[in-house]
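Sequence lines, in order, name chains A and B. Heads up: the first sequence runs through residues 3 to 730, numbered per my numbering. Heads up: the second sequence runs through residues -3 to 147, numbered per my numbering. The beta carbon of each residue, even a glycine, is placed where N, CA and C say it ideally should be. Keep in mind that this is a model prediction, so the values were computed, not measured. Take a look at the structure set out below.
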Amino acid sequence: MTTSMNVSRRTFLTAAGAAGLVLGFRVPLSSGGGAALAGAGQADEITAWVVVRPDETVVIRIARSEMGQGTLTGLAQLVAEELDCDWVRVTTEYPTPGTNLARGKVWKSFATGGSRGIRGSHDYVREGGAAARQMLVTAAANAWGVAPTDCTTAKGVITHGATGRTTTYGRVAEAAAKLPVPDAVALKDPKDWSIAGQPLKRLDTADKLTGKQLYGTDLKLPGMLNAAIRQYPLFGAKLESFDASKVMGMPGVKKVVAVGDDAVAVIADKWWQAKTAIDALPVDWNEGPHAKVDSADITAMVADGLDAKDAFVAHQVGDAPVAIAASVKQVQATYSYPFQHHATMEPMNATALWTPDRCEVWCPTQNGESALGVAAEAAGLPAGKCDVYKTLLGGGFGRRGAGPVHDYVRQAVLIAKQMPGTPVKLLWTREEDMTHGAYHPITQCRLTAGLDDNGEITGLRVRISGQSILAGIMPGRLRAGMDPVTFQCLAPKGDHAISYGFPTLLVDHAMRNPHLRPGFWRGVNANQNVIYLECFMDELAHIAGQDPLAFRLKYMKDHPQSRAVLTAVADKAGWGTPAPKGVFRGLAHCNAFASYVAACAEVSVTPDGVVKIHRIVAATDPGHAVNPQQIAAQVEGSFVYGLSAMLMGECTVKDGRVEQQNFDTYEVMRIKDMPKVEAEVLPSGGFWGGVGEPTIAVAAPAVLNAIFAATGRRIRDFPLKNAGLRMA
Amino acid sequence: MAKINVNGRTVTVDADGATPLLWVLREYLDLTGAKYGCGIAACGACTVHVNGEAVRSCALPLEAVAATDKIVTIEGLSPDGSHPVQQAWLDLDVPQCGYCQTGMIMAAAALLAKNPKPTDADIDAEISNICRCGTYQRVRAGIHQAAGRKA
Ligand code: FES
Ligand code: FES
């Protein structure tokens, strides 16, 4: 089974340096014009989601982007389930956003973020499969002169029960494609699923093992040139001047171009030549207003909001400040969470071909439609004269998601525009990538609770201070100035509702926005908010002299799914029974991205501060589980992402600049740091929750609570390496 | 002009001697399986074999490669994806985005060539490639599975 990037492509042979090293590259190219989707109007398209070929191949169209999270396989399972086709015949393809536009958004949203790939489209993609099945059956029934309702389907074969006649989807596809798409279809009860819900292998693995899989960085178009870029040294800086004459004679160099008002690029035959030249290029910058800002200034700016009078109130139950003040005991703690960088393994890149009347872009993006909009604007052309061909992403994690963070697409088009008719591939160095991120926002949090004589919580106050993602990159989505995304896992209701009930509660946000561009970073604000809440709950349990599990459960009476996942991890990990010698346990849970998740971590800490995370038991209730083994993979991976940040990740600022430039200073977990992860998938049915992000939020607080159990130390500032704790 | 031996063939490359082997492979030989992740030998995405050793090709200039050095890239690891590491990776659905995986596979294959039955501690000591998708648990299982097959 293969995955093609789009259906309109040609095969190119790229000449190599020597015989025997010639590789065939399948490069997606447009056939020109808006109707580039081969299936559109073609005989074999049954519905927009399903193409059946005469050789019985079933092509399932996937609008969302695959970036490692497995959405391509999961979405295909949902369509195939309703289609009743033979799974081994399934292949997938991406329609292009340009075609979506031309066809009246027949594939709806292309946005791939917020763990919404499946939960945001399960209904209409299943309908696309069910409608196709109905049309195929009707075509067969018409040919036989029988009623469609007397026919059954299995694995791509249609059977008429009374006569025993059979035919295949491939044989009736052409006739089916001519039938009208039904207005309404019935969907299967998930308990009858046989393809969805199964731990099937991914569809997109084989080429990733041999080097055949093409990423954006690997594209090679005929006549293509390569560009390396130097961008603004700090946010807010502008390009003043550069001296192209110093590098124009260097090997391979074709042109040196300004890219908008804040970057400069060298275009050369080879990328390494372009990179060598850009390193040698003299550039002057106007540093702008932030050149004197250091991390200490940002920390002070955020800390100022902890006591500020003005704040956006998101969640209020009773009068928490009064209840807390009247309590026998008050407890207060202040936590902080630093900037993080996405650090996708594949650095930002995009390839663009611009002519005065058409612009095409090949790029990794979590949102093809956003990329198209950005490309069209940069190209100075209407979107109908542009298109974007998505490549598999070498990681996304939010960096390639929201519209405004498609800076690499804008730049590629602005560069290609200065080379009309020549495709140019822009690739950022890791250093450019790390210093021009869309950073995990920086926040601090002051939590105050009142306890009564029995150690019961009388009220909780959560004051968040710090950066708003929406204010930074999507101010139009603020609600009367408030950023609702700030309150993930603390909200009164919705996909990120707090999973506790307290007698009184006040959650508010004093917005403080430093100059670094923020972005959606896998897990988004659940990351720090769950650390804040779940570590503080642990603090309260200890102060109240109560077991952290029993203490939590008292406030979770109205949260049955959260109770279920929390007790599941506690039971599986052996909470309440002795851990191995020197090993200590910690718990955390939350409701995030519409799923219910929990973790129990087992940790040991040596006297000189070496932390070992032995095991984390995790539970996820996503409502419906489309592919349990891929959900487990997301749990395992999310833990690495979240724990890397908590243990070692931090972007600091000096002279307005991000100090970390590469993986030598922005450290991340390696295999030696990996705990054993036992991922329990516990779908309770009845709802659709995300899986790529929710568990990221519970790994860190579970480990922190275990570290407290092991050492008696509460660490409230991250990463842990700053507190003298390190991995072996 | 330099002569190097890649995947069993000697080829002539017209690249500056300072060009890292990674970029020679990717831009002059169209062998794009080795990936660019950091350029400073910190991530392992560019791992290839040089005389059987796992080497981070982003930090190896062309001029430091001898004509007699035997370079093997992921494209040359097996003709058809049948190397035990590739097979184990397929069985266990190891890759997520996959970007790091060619380097990871080359590092794992080099480890197994030297140490057919690595312990967890051996793996911890020898495999330091970065995977931001966090596939480490399955990478470890894959190495053990591939070791079992080889035996
Ligand atoms: S690219 Fe060579 S080690 Fe990272
Ligand atoms: S699989 Fe994505 S970086 Fe390793």
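Quick one: what does DSSP say Tyr441 (chain A) is sitting in, helix, strand or coil?
The residue you call residue 441 (chain A) lines up with position 439 of the first sequence. Three-state DSSP puts Tyr441 (chain A) in a strand.
Shorter than 8 Å from the beta carbon of Gln71 (chain A) to some beta carbon of chain B?
Taking the first sequence and counting its residues from 1, one reaches residue 71 (chain A) at position 69. Chain B, which has a Cβ nearer than 8 Å to the Cβ of Gln71 (chain A), makes this yes.
Strictly under 8 Å for the Cβ-Cβ distance: is Gln97 (chain B) near chain A by that measure?
Locating residue 97 (chain B) in the second sequence gives position 101, where the first residue counts as 1. Yes - at least one Cβ of chain A is within 8 Å of the one on Gln97 (chain B).
Identify the contact partners of Tyr643 (chain A) in chain B, using a Cβ-Cβ distance below 9 Å as the criterion.
Here residue 643 (chain A) refers to the residue found at position 641 when the first sequence is read from its first residue. The contacting residues are Arg128, Cys129 and Gly130.
Span of the beta strand (DSSP E) around Val593 (chain A)
Taking the first sequence and counting its residues from 1, the one referred to as residue 593 (chain A) is at position 591. For the sequence presented, residue 593 (chain A) should be read as Asn rather than Val. Run containing Asn593 (chain A): Phe586 to Ala594, per the beta strand (DSSP E) assignment.
Count Cβ pairs between the region 7 to 20 of chain B and the region 267 to 277 of chain A that sit closer than 8 Å; are there 3 or more?
yes
Using a Cβ-Cβ distance cut-off of 8 Å, determine whether Ile67 (chain B) contacts chain A.
Locating residue 67 (chain B) in the second sequence gives position 71, counting from the first residue. For Ile67 (chain B), the answer is no, since every Cβ of chain A falls outside 8 Å of its Cβ.
In the DSSP assignment, find the beta strand (DSSP E) that holds Lys294 (chain A) and state where it starts and stops.
Walking along the first sequence from the start, residue 294 (chain A) turns up at place 292. Looking at the DSSP string, Lys294 (chain A) is not in any beta strand (DSSP E), and its letter there is neither H nor E.
contact_flag[the region 361 to 369 of chain A, the region 106 to 123 of chain A] where n(CB pairs < 8 Å) is 3 or more:
yes
Coarse secondary structure for Ala11 (chain B), derived from DSSP in three states
As a working note, residue 11 (chain B) is residue 15 in the second sequence. Looking at Ala11 (chain B) - three-state DSSP - the assignment turns out to be coil, as it is neither helix nor strand.
Length of the line joining the Cα atoms of Ala142 (chain A) and Pro192 (chain A):
As a working mapping, residue 142 (chain A) is identified with position 140 in the first sequence. As a working mapping, residue 192 (chain A) is identified with position 190 in the first sequence. Computed Cα separation, rounded: 26 Å.
One question on the structure: do Asn593 (chain A) and Ala704 (chain A) come within less than 8 Å of each other, judged by their Cβ atoms?
Position 591 of the first sequence holds residue 593 (chain A). Position 702 of the first sequence holds residue 704 (chain A). No, they are not a contact pair.
Since Gln141 (chain B) meets chain A, which of its residues come closer than 7 Å, beta carbon to beta carbon?
Locating residue 141 (chain B) in the second sequence gives position 145, where the first residue counts as 1. What Gln141 (chain B) touches in chain A: nothing, since even the nearest Cβ is about 14 Å away.
Nearest neighbour of Val655 (chain A), chosen from A:Gln631, A:Ile673 and A:His517 [CA to CA]:
Against the first sequence, residue 655 (chain A) aligns to sequence position 653. Out of A:Gln631, A:Ile673 and A:His517, A:His517 has the C-alpha closest to the C-alpha of Val655 (chain A).
beta-carbon Arg52 (chain B) near ligand 1 non-hydrogen atom, thresh 7 Å:
As a position in the second sequence, residue 52 (chain B) is number 56, starting the count at 1. The answer is yes for Arg52 (chain B).
Look at the alpha carbon of Val532 (chain A) and the alpha carbon of Val81 (chain A), and state the distance between them as a whole number of angstroms.
Position 530 of the first sequence holds residue 532 (chain A). Position 79 of the first sequence holds residue 81 (chain A). So the two alpha carbons sit approximately 35 Å from each other.
C-alpha gap between Pro609 (chain A) and Asp719 (chain A), whole angstroms:
Numbered from its first residue, the first sequence carries residue 609 (chain A) at position 607. Numbered from its first residue, the first sequence carries residue 719 (chain A) at position 717. Going from the Cα of Pro609 (chain A) to the Cα of Asp719 (chain A) covers about 20 Å.
Apply the 10 Å Cβ neighbour rule to Gly362 (chain A) and answer buried if 16 or more other Cβ atoms are within range, or exposed otherwise.
One-based indexing of the first sequence puts residue 362 (chain A) at position 360. At residue 362 (chain A) the sequence reads Glu, which differs from the Gly that was named. Glu362 (chain A) comes out buried.
Between the CA atoms of Val411 (chain A) and Asn529 (chain A) - distance to the nearest angstrom
Taking the first sequence and counting its residues from 1, the one referred to as residue 529 (chain A) is at position 527. Taking the first sequence and counting its residues from 1, the one referred to as residue 411 (chain A) is at position 409. Approximately 28 Å, taken between the alpha carbons.
Just the chain D side, please: which residues come within less than 7 Å of Arg204 (chain A) by C-beta, in chain order?
Looking for chain D here will not work: the only protein chains present are A and B.
Nearest-residue set for ligand 2, Cβ under 6 Å from any heavy atom
A:Gly70, A:Met347, A:Gly397, B:Pro91, B:Gln92, B:Cys93, B:Gly94, B:Tyr95, B:Cys96, B:Gln97, B:Cys127, B:Arg128, B:Cys129 and B:Thr131
Residues that DSSP places opposite Ile466 (chain A) in a beta bridge:
Within the first sequence, the letter at position 464 stands for residue 466 (chain A). According to DSSP, Ile466 (chain A) bridges with A:Cys447 and A:His511.
Report buried or exposed for Met484 (chain A), applying the criterion of at least 16 other Cβ atoms within 10 angstroms of its Cβ.
Your numbering for residue 484 (chain A) matches position 482 in the first sequence. Counting Cβ neighbours within 10 Å, Met484 (chain A) comes out buried, since at least 16 surround it.
When you compare the CB of Glu47 (chain A) with every CB in chain B, is at least one pair closer than 8 Å?
Counting from one through the first sequence, the residue named residue 47 (chain A) turns up at place 45. It does not: the Cβ of Glu47 (chain A) has no partner Cβ on chain B nearer than 8 Å.
Cβ closer than 7 Å: which chain B residues qualify as neighbours of Tyr217 (chain A)?
Residue mapping note: residue 217 (chain A) aligns to position 215 of the first sequence, counting from 1. Going along chain B in sequence order, the residues near Tyr217 (chain A) (Cβ under 7 Å) are Tyr95.
Between which two residues does the alpha helix (DSSP H) containing His124 (chain A) stretch?
Indexing the first sequence from 1 puts residue 124 (chain A) at position 122. Element bounds for His124 (chain A): His124 to Trp146.
Exposure label - Asn102 (chain A); buried when at least 16 CB within 10 Å
Working through the first sequence from its first residue, we reach residue 102 (chain A) at position 100. Buried.
Asn1 (chain B), DSSP secondary structure in three states:
Walking along the second sequence from the start, residue 1 (chain B) turns up at place 5. Here Asn1 (chain B) sits in strand by DSSP.
Can you determine whether any heavy atom of ligand 1 sits closer than 7 Å to the C-beta of Leu74 (chain A), and answer yes or no?
Stepping through the first sequence from its first residue, residue 74 (chain A) is reached at position 72. No, the Cβ of Leu74 (chain A) stays beyond 7 Å of every heavy atom of ligand 1.
Under 8 Å between C-beta atoms, does Thr212 (chain A) make it to chain B?
As a working note, residue 212 (chain A) is residue 210 in the first sequence. So yes, Thr212 (chain A) belongs to the interface.
Rounded C-alpha distance that separates Arg360 (chain A) from Lys427 (chain A):
Taking the first residue of the first sequence as position 1, residue 360 (chain A) is located at position 358. Taking the first residue of the first sequence as position 1, residue 427 (chain A) is located at position 425. So the two alpha carbons sit approximately 17 Å from each other.
Residues in the same chain with beta-carbon distance under 6 Å from Gly694 (chain A), minus the five sequence neighbours each way, listed in chain order, please.
Here residue 694 (chain A) is taken as the residue at index 692 of the first sequence, counted from 1. Here the set comprises Gln71, Ser117 and Gln636.
Could you name the residues of the region 384 to 418 of chain A whose beta carbon sits closer than 9 Å to any beta carbon of chain B, in the order they occur along the chain?
Leu394, Leu395, Gly396, Gly397, Gly398 and Phe399
Hey, would you say Asn1 (chain B) sits closer than 8 Å to Gly72 (chain B), going by beta carbons?
Locating residue 1 (chain B) in the second sequence gives position 5, counting from the first residue. Locating residue 72 (chain B) in the second sequence gives position 76, counting from the first residue. Cβ atoms of Asn1 (chain B) and Gly72 (chain B): not closer than 8 Å.
Using a Cβ-Cβ distance cut-off of 8 Å, determine whether Met347 (chain A) contacts chain B.
What you label residue 347 (chain A) is simply residue 345 of the first sequence in a count that begins at 1. So yes, Met347 (chain A) belongs to the interface.
Less than 7 Å between C-beta atoms, sequence neighbours within five positions excluded: which residues of the same chain meet that for Ser564 (chain A)?
Position 562 of the first sequence, counting from 1, holds the residue named residue 564 (chain A). Ser501, Met558, His591, Asn593 and Tyr598, listed in sequence order.
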